[in-house]
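Now the structure itself:
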């Protein structure tokens, strides 16, 4: 039997198992390892408990061990031919992995009980996972996790397992679930929406199966309906992967040559599979219109592309529903077909005779493709396996959508700003980034409780840094893929966009740090800056990077924590307490030269001219390893002034000579309100920075007040005292070929306790151009 096909087409009974599989696979809840308990959220409902169950997962029952060999797995194949369904099911699953090994192997399969698969909330899961691992002696060769599910309520409650998914995404029961999710969201979630915007073009999906779709001009549509601004027209959007270039070429697209015919009809027989299925979903959910980039943007027309890409953020923001086929990695792959099958296993409770039926195991993911493998829910596994999750253009589509209906390899998932749910019954608050960026481009607040969002607007832009986790077929699509979000955000905060940064927030935005930059040296980084190919952004913009970055300066600080009762209050206050941060340079001029009409899109060149205090590198820098993992090495000024991070990774214990490198301070903060989290993160641990900072804090006149209350910077005695050192951040720069021009090559931190801003006292301001 193949493990692909229809779900549940193989029911495993004792007489269809070999003896060893029968012992380990048919769960016997009469064993001493189990006892009768209750559900955590309902102490009146009995459920099976396991004595060792914990959030990390415990082995339930007896593990099944096979001693076999690759290639071929002859032992499992033999018992499969003798009639064992599990040996057949599992051997086929391993052989599909095409494991590059020859020789003896051992396969271990076990039920995992009580595993907490949600990283954000505490769950009460029981039998959730069947883990199968193949070893070569001590080394793990491959591991396959199988989710466990049932459609029988009594079995689900007793064993605390997931409800069973449907055989097809558009199964009638799933359609009812999707419809209910959208309706409940409309009635209960109180989302801020807009019905005054429509994209330039939409696709009318037709009403019947035999209908052709057709392109419509929305301005004409509104005139025809006579509805004006409050048109009430609902449309869906499609967020998907075009796939490799050879697949993308096969996709039907709207061009200048065929737009007139597309306005008449677009036969579904000519559409790519993913578009066909998206249209089918819209018809099923009674959504008359859908926006699809390949059809609604005139391809190979740079003027139309610039215009449409700039408003793409609003297209997704105002969409009624975003359809996202996670299981499709290309426009040539549909997503409405039959799902991969599992195998049904009979269960009869010995402790509660009325609990009987079957549960199913189905393959979810290979451990080699996910660090967390079976410890995650299917919603995370489906996204983790998909090409969509790394697609650059999908970033703003994801964070700005009102609602997203995901079609995963395992099942369907529904997300909105407030909740997330899956077709197997999973439901919780939304803890992901999906739909999480909508607040960035909402109009100015109309309620007092929204004022905090505006106050922390610049800090909220951190969300945009998540786009660096994505990939692009064409690297110069980076800024265009963020332009829709940037355009709308600029209108909300009333600021000028500078290649991912903001004009009125440069003192914070310039000091980003690469989390794990590529290996290199000063020469290689200068060469990269001189010869960007293609040119994406200036060296001072994080958009010029291909690796993840983070801001090194927080806009707020947390008051010192006291007793537990006060701690939560102070932490909440800390989220809105502004640091006493001030700019240490003046922006004199800037230029962003776009290729087309999209001012937020592709750049030919960009620069800023600033006036600030530029000083020589104060000493040699020793590269040291951090005391924690997950971040690259840092540089330690050998004169003890502070630390720095270059835009490249160097081997520990190497020394960077000052050469022509300079320091340009961008911001400083009185030590009273420095965000200690970032100082500790970047300080030299061998200096005992925590003790130095505490002593420095306790010696300043403002500390007793700031221990309990927030003080405005204009009332802060530390800020007024020019003799006190301020913690100083800035960028490391190096002369470019053009006189007076510099590249950014890193960032630095000079803590107040080691002198901080004193390094720049008496230095005259200098005009420089950052490119």
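In our numbering, the protein residues as written are 4 to 774.
Where is the CB? At the ideal position from N, CA and C, for every residue including glycine.
Less than 8 angstroms between C-beta atoms, sequence neighbours within five positions excluded: which residues of the same chain meet that for residue 182? Here the question's residue 182 lines up with position 179 in the chain shown. These residues qualify, in order along the chain: 288.
According to DSSP, is residue 256 part of a helix, a strand, or is it coil? Along the chain shown, one-based indexing puts residue 256 at 253. Note: residue 256 maps to coil in three-state DSSP.
Could you give the residue range of the alpha helix (DSSP H) that holds residue 316? Working through the chain shown from its first residue, we reach residue 316 at position 313. 315 to 320 is the extent of the alpha helix (DSSP H) around residue 316.
Is the beta carbon of residue 755 closer than 9 angstroms to that of residue 514? Your numbering for residue 514 matches position 511 in the chain shown. Your numbering for residue 755 matches position 752 in the chain shown. The Cβ atoms of residue 514 and residue 755 lie no closer than 9 angstroms to each other.
Between which two residues does the beta strand (DSSP E) carrying residue 416 extend? Taking the first residue of the chain shown as position 1, residue 416 is located at position 413. Note, residue 416: beta strand (DSSP E), 415 to 419.
Within 9 angstroms of any Cβ in chain C, is that where the Cβ of residue 601 sits? Looking for chain C here will not work: only one protein chain is present.
To which residues does DSSP link residue 595 through a beta bridge? Indexing the chain shown from 1 puts residue 595 at position 592. According to DSSP, which records beta bridges pairwise, residue 595 is partnered with 609.
Cβ-Cβ distance between residue 272 and residue 408 below 9 angstroms: The residue labelled residue 272 in the question sits at position 269 within the chain shown. The residue labelled residue 408 in the question sits at position 405 within the chain shown. Contact flag unset, no.
Excluding the five sequence neighbours on either side, which residues of its own chain have a C-beta within less than 7 angstroms of the C-beta of residue 317, listed in chain order? In the chain shown, the residue the question calls residue 317 occupies position 314. If we look at residue 317 and ignore the five residues flanking it on each side, its Cβ neighbours are 200, 487, 491.
Select from 761, 730, 64, 119 the residue whose C-alpha is nearest the C-alpha of residue 37. Numbered from 1 along the chain shown, position 34 holds the residue referred to as residue 37. That would be 64, whose Cα lies nearest to the Cα of residue 37.
Report the CB separation of residue 411 from residue 330 in whole angstroms; it is logged as a contact under 8 angstroms. For the purposes of this step, residue 411 is taken as residue 408 along the chain shown, with counting starting at 1. For the purposes of this step, residue 330 is taken as residue 327 along the chain shown, with counting starting at 1. The Cβ separation is near 6 angstroms, so the contact holds.
Between residue 144 and the rest of its own chain, which residues show a CB-CB distance below 7 angstroms, the 5 nearest in sequence each way excluded? Here residue 144 refers to the residue found at position 141 when the chain shown is read from its first residue. The residues are 102, 104, 108, 137, 138.
If you count every other CB in all the chains shown that lies within 10 Å of the CB of residue 548, and 16 or more means buried, which is it? Here residue 548 corresponds to residue number 545 of the chain shown, with the count starting at 1. With 16 or more other Cβ atoms within 10 Å, it is buried.
For residue 765, the three-state DSSP class (helix, strand or coil): In the chain shown, counting from the first residue as 1, residue 765 sits at position 762. Reduced to three states, the DSSP call for residue 765 is coil.
Straight-line gap, residue 592 to residue 601 (C-alpha atoms, nearest Å): Taking the first residue of the chain shown as position 1, residue 592 is located at position 589. Taking the first residue of the chain shown as position 1, residue 601 is located at position 598. Going by the C-alpha atoms only, they are around 21 angstroms apart.
Taking the CB atoms as reference points, tell me whether residue 322 and residue 283 lie closer together than 9 angstroms. Translated into positions along the chain shown, residue 322 becomes position 319. Translated into positions along the chain shown, residue 283 becomes position 280. In this structure, residue 283 does not lie closer than 9 angstroms to residue 322 by Cβ.
Measure the CB-CB distance between residue 66 and residue 112 and report whether it falls below 9 angstroms. On the chain shown, residue 66 is found 63 positions in, with the first residue counted as 1. On the chain shown, residue 112 is found 109 positions in, with the first residue counted as 1. Yes, these two residues count as a Cβ contact at 9 angstroms.
Is the Cβ-Cβ distance between residue 634 and residue 519 less than 9 angstroms? Here the question's residue 634 lines up with position 631 in the chain shown. Here the question's residue 519 lines up with position 516 in the chain shown. The answer is yes: Cβ separation under 9 angstroms.
Is the beta carbon of residue 420 less than 9 angstroms from the beta carbon of residue 405? Walking along the chain shown from the start, residue 420 turns up at place 417. Walking along the chain shown from the start, residue 405 turns up at place 402. Going by C-beta atoms, residue 420 is nearer than 9 angstroms to residue 405.
For residue 554, list the residues DSSP reports as bridge partners. Taking the first residue of the chain shown as position 1, residue 554 is located at position 551. Answer is 515.
Segment limits, alpha helix (DSSP H) that includes residue 491: In the chain shown, residue 491 corresponds to position 488, counting from 1. Where residue 491 is concerned, the enclosing alpha helix (DSSP H) stretches over 481 to 496.
Considering only their Cβ atoms, is the gap separating residue 152 from residue 345 smaller than 9 angstroms? The residue you call residue 345 lines up with position 342 of the chain shown. The residue you call residue 152 lines up with position 149 of the chain shown. For residue 345 and residue 152, yes; Cβs fall inside 9 angstroms.
Check for me: the beta strand (DSSP E) holding residue 326 runs from which residue to which? Locating residue 326 in the chain shown gives position 323, counting from the first residue. Here the beta strand (DSSP E) through residue 326 covers 324 to 327.
So the alpha helix (DSSP H) residue 276 belongs to, where does it begin and stop? Within the chain shown, numbered from 1, the residue matching residue 276 stands at position 273. Where residue 276 is concerned, the enclosing alpha helix (DSSP H) stretches over 276 to 287.
Beta carbon of residue 99: closer than 8 angstroms to some heavy atom of the ligand ADP? Looking at this structure, you won't find the ligand ADP or any other ligand, since it has none at all.
What is the residue span of the alpha helix (DSSP H) that residue 398 lies within? To locate residue 398, count along the chain shown from 1; it is residue 395. Counting along the chain, the alpha helix (DSSP H) containing residue 398 begins and ends at 397 to 403.
To the nearest angstrom, how far is the alpha carbon of residue 672 from that of residue 58? Start at 1 with the first residue of the chain shown, and residue 672 comes out as number 669. Start at 1 with the first residue of the chain shown, and residue 58 comes out as number 55. So the alpha carbons of these two residues sit roughly 43 angstroms apart.
Rounded to a whole number of angstroms, what is the C-alpha to C-alpha distance between residue 23 and residue 84? Working through the chain shown from its first residue, we reach residue 23 at position 20. Working through the chain shown from its first residue, we reach residue 84 at position 81. Near 15 angstroms, if we compare the C-alpha coordinates of residue 84 and residue 23.
Just the Cα atoms here: how many angstroms apart are residue 400 and residue 319? By 1-based counting over the chain shown, the position of residue 400 is 397. By 1-based counting over the chain shown, the position of residue 319 is 316. For residue 400 and residue 319, the distance between alpha carbons rounds to 6 angstroms.
Who are the near neighbours of residue 280 in its chain, counting only those whose CB is closer than 6 angstroms to its CB and skipping five residues on each side? Taking the first residue of the chain shown as 1, we reach residue 280 at position 277. These residues qualify, in order along the chain: 337, 338, 339.
If the criterion is Cβ atoms closer than 9 angstroms, does the pair residue 353 and residue 128 meet it? Within the chain shown, numbered from 1, the residue matching residue 353 stands at position 350. Within the chain shown, numbered from 1, the residue matching residue 128 stands at position 125. In this structure, residue 128 does not lie closer than 9 angstroms to residue 353 by Cβ.
Neighbourhood of residue 528 by C-beta distance below 7 angstroms, restricted to the same chain and skipping five residues each side: Locating residue 528 in the chain shown gives position 525, counting from the first residue. Cβ within range, chain order: 650, 651, 748.
What is the DSSP secondary structure of residue 138, reduced to helix, strand or coil? The sequence position of residue 138 within the chain shown is 135, counting from 1. Residue 138: strand per DSSP, three-state reduction.
Measuring only the C-alpha atoms, how far is residue 618 from residue 661? For the purposes of this step, residue 618 is taken as residue 615 along the chain shown, with counting starting at 1. For the purposes of this step, residue 661 is taken as residue 658 along the chain shown, with counting starting at 1. In a straight line, the C-alpha of residue 618 is about 11 angstroms away from that of residue 661.
Run through DSSP, which three-state label would residue 640 get? Here the question's residue 640 lines up with position 637 in the chain shown. In the structure shown, residue 640 sits in a strand (DSSP, three-state: E or B).
Looking at the secondary structure, which residues open and close the alpha helix (DSSP H) in which residue 750 lies? Here residue 750 corresponds to residue number 747 of the chain shown, with the count starting at 1. Residue 750: not part of any alpha helix (DSSP H); member of the beta strand (DSSP E) spanning 744 to 753, first to last residue.
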